[in-house]
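Note that UniProt numbering gives residue 5 to position 5 of the sequence shown, counting from 1, and the numbers run on in steps of one.
Take a look at the structure set out below.
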Amino acid sequence: MLASYPALFYSSIGIDEPAEYFIHFPDFKNSATQGDDIHDALIMASDWLGMNLVDYVANGEALPQPSDINQLSLVNNNPFKNDPDFNLKYIPKESFISMVNVNLADYVELDEPIEKKVTIPKWADERATSLHLDLGETLVDSILEKEIR
C-alpha cells in the first residue's frame, strides 16, 4: 500500500550545519529527519514517513490528511519560523518541496502473527491460487489501504 505526503527539503550545503538537508513534513507534529545529500535525504524521508505512518496505524490514531503541495512554501511552512531560539539557515535555490512516497507494507511488523479463519467465495480462492496471492498479505494491504483513505 503506497502513501504519499509532501515534505520540505532545506539545503544547508556550505553552511556550518551537521547535515546537508533538513527534512520537515508539515502534516506531522515535530517531524524531522536529515540527509547528507539529495539521494540520502529522499531515502531518509521515505523511511521516516513509513515508520511514522505504521506507528499511527498500530496505535489506532487517525492519519493526517496530506497537505496540498501547491499550497506549501519553504518560508511560510518553515517549522522554526516562530522559534526565537533557532533560526533555520538554508539555501533557497537548493531547497525544494517534494512528495515522498512509501510502501507501508515494507514497515508493517509481522512478528506476532495471529491465525484467523476467513471464509471466501470459491471463485476468489481459485483466483488467489492462480495469481499466487498470499491471502494474509492481501488482507493486510487492504486494511492499510482503508486506513489511509
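Note that the Cβ used here is the ideal one computed from N, Cα and C, for glycine as well.
Keep in mind the model is a prediction, meaning the values are calculated, not measured.
| Check | Outcome |
| --- | --- |
| Stretch pair the region 17-36 + the region 101-118: three plus CB contacts closer than 8 Å | no |
| Reduced DSSP category for residue 60 - H, G, I as helix; E, B as strand; rest coil | coil |
| Classification of residue 50 by the beta-carbon crowding that lies within 10 angstroms, buried from 16 upward | buried |
| N-terminal and C-terminal residue of the beta strand (DSSP E) that residue 3 is part of | 2-11 |
| 3-residue-minimum beta strand (DSSP E) runs that sit fully inside the region 19-45, ordered along the chain | 21-24 and 33-35 |
| Boundaries of the alpha helix (DSSP H) in which residue 98 is found, first to last residue | No alpha helix (DSSP H) contains residue 98, which is instead part of the beta strand (DSSP E) from 96-103. |
| Euclidean distance between Cα positions of residue 156 and residue 2 | With the chain represented from 1 up to 149, any question about residue 156 goes unanswered, as that position is not in the structure. |
| Residue 83 versus 30, 6 and 142, residue with shortest Cα-Cα distance | 30 |
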